[in-house]
């Protein structure tokens with residue numbers, strides 16, 4: 046009776062990080078905003094480091110509503126794209142070694158996106174997490190929460206519907 | 025016109041609008057038009073070169089907010105309460121986007137705005153539409169009587 050030996054943790058981590066990086070690095074607008082992703086298992090936290098270019102109201106100063114909306118939409122799309130990719134990789138249907146600039150993972154397309162602005166976006170780093178509330182064959186519904194200093198005090202939240210990417 | 029010049033400076037000088045190279049095309053009480061050029065840094069789908077929805081949201085939010093700021097019966101400042109965007113079709117890569125917004129109603133404390141964004145194929149279906157609510161502080165100046173707001 047010999048159970049299959051589990052893969053070394055480093056191999057698993059490398060595979061997942063490589064896949065996430067392929068998903069994120071391919072999108073110019075994510076680099077333009079400077080958004081980064083922190084991965085813990087399958088959970089992603091998006092980080093929008095403060096930049097002067099994200100200001101919309103210089104007198105307060107406050108983040109531009111468009112910068113906040115962009116951050117939330119990026120978090121929703123990558124969150125959903127990652128959930129799809131995670132499933133494909135862990136089931137062995139997609140070999141992460143094949144993912145690269147030549148063969149980028151497909152991303153879901155936004156159908157609609159609604160942002161609630163709950164508080165002024167302060168001139169400091171912002172964080173966001175997406176939750177896929179429903180993911181069907183064609184459509185998905187995703188909720189995003191964003192905060193700055195306190196996880197419980199959201200400064201914005203959003204809900205969006207997405208068209209699932211066609212399988213290769 | 026001086027107000028026009030002031031509004032242009034105000035909107036185009038906002039760091040984020042500037043980063044996206046937005047340009048104020050038209051502004052009058054309750055209506056604004058702002059355009060934004062296609063830029064490869066704004067690409068959201070590397071497979072097609074289509075600009076990211078977030079950049080379109082930023083254009084819509086700025087234009088919608090400008091219509092509220094341009095109301096003569098308000099204080100000239102506002103913040104977005106909520107904004108919903110519907111994406112009808114991908115914006116064509118390489119084309120300038122043009123957003124037209126109308127602030128069609130304002131109560132004492134809320135302004136309601138609709139916006140439409142098109143690319144250079146102006147007769148085609150719009151790229152996206154939006155509806156939003158914005159904070160507002162109605163001043164008595166230029167006030168008109170409104171039902172349900174007394």
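Residue numbers (this note's numbering), protein chains in the order written: chain A, 46 to 213; chain B, 25 to 174. All residues carry an ideal CB built from backbone N, CA and C; glycine is no exception.
- Message: In whole angstroms, give me the CA-to-CA distance for residue 193 of chain A and residue 169 of chain A.
- Response: Translated into the one-based positions of the first chain, residue 193 of chain A becomes position 148. Translated into the one-based positions of the first chain, residue 169 of chain A becomes position 124. Rounded to whole angstroms, residue 193 of chain A to residue 169 of chain A spans 7 angstroms at the Cα level.
- Report the option in B:129, B:122 and B:158 whose CA atom is closest to the CA atom of residue 151 of chain B. For the purposes of this step, residue 151 of chain B is taken as residue 127 along the second chain, with counting starting at 1. Here the closest residue by C-alpha is B:122.
- Given residue 202 of chain A, which residues of its chain have a CB within under 6 angstroms of its CB, disregarding the five upstream and five downstream residues? Residue numbering aside, residue 202 of chain A sits at position 157 when the first chain is read from its first letter. Here the set comprises 161 and 190.
- Item | Chain-ordered neighbours of residue 43 of chain B on chain A, where CB pairs are closer than 7 angstroms | Here the question's residue 43 of chain B lines up with position 19 in the second chain. Per Cβ cutoff of 7 angstroms: 98.
- Taking Cβ-Cβ distances below 8 angstroms as the criterion, which residues of the region 67-83 of chain B are in contact with chain A? 67, 68, 69, 70, 71, 75, 76, 77, 78, 79, 81, 82 and 83
- Item | Nearest to residue 118 of chain A (by Cα), restricted to the options A:210, A:196 and A:174 | The residue you call residue 118 of chain A lines up with position 73 of the first chain. The residue with the shortest Cα to Cα distance from residue 118 of chain A is A:174.
- Over the uninterrupted alpha helix (DSSP H) stretch that includes residue 62 of chain A, give me the two end residues. By 1-based counting over the first chain, the position of residue 62 of chain A is 17. Per DSSP, residue 62 of chain A belongs to the alpha helix (DSSP H) from 54-70.
- Item | Residue interval of the alpha helix (DSSP H) (run including residue 160 of chain B) | Translated into the one-based positions of the second chain, residue 160 of chain B becomes position 136. Counting along the chain, residue 160 of chain B falls outside any alpha helix (DSSP H), and DSSP gives it neither H nor E.
- Query: Mind checking whether residue 4 of chain B and residue 108 of chain B have CB atoms under 9 angstroms apart?
  - Reply: Any property of residue 4 of chain B remains undetermined from this structure, which presents chain B solely from 25 to 174.
- Message: For a cutoff of 9 angstroms on Cβ pairs, would you count residue 97 of chain B as touching chain A?
- Response: Counting from one through the second chain, the residue named residue 97 of chain B turns up at place 73. No, its Cβ sits nowhere closer than 9 angstroms to a Cβ of chain A.
- Would you kindly check if the distance between the Cβ of residue 127 of chain B and the Cβ of residue 140 of chain B is under 9 angstroms? The residue given as residue 140 of chain B occupies position 116 in the second chain. The residue given as residue 127 of chain B occupies position 103 in the second chain. Not a contact, by the Cβ cut-off of 9 angstroms.
- Query: Which same chain residues, not among the five before or five after residue 135 of chain B, have their C-beta less than 6 angstroms away from its C-beta?
  - Reply: The count along the second chain starts at 1 and reaches residue 135 of chain B at position 111. 92, 127, 158 and 160, listed in sequence order.
- For residue 65 of chain B, which three-state DSSP category applies? Within the second chain, numbered from 1, the residue matching residue 65 of chain B stands at position 41. The answer is helix: DSSP assigns residue 65 of chain B an H, G or I state.
- Take the Cβ of residue 29 of chain B as the centre, count every other Cβ of all protein chains shown within 10 Å, and call the residue buried at 16 or more, exposed below. Working through the second chain from its first residue, we reach residue 29 of chain B at position 5. The residue in question, residue 29 of chain B, is exposed, as its Cβ has fewer than 16 Cβ neighbours within 10 Å.
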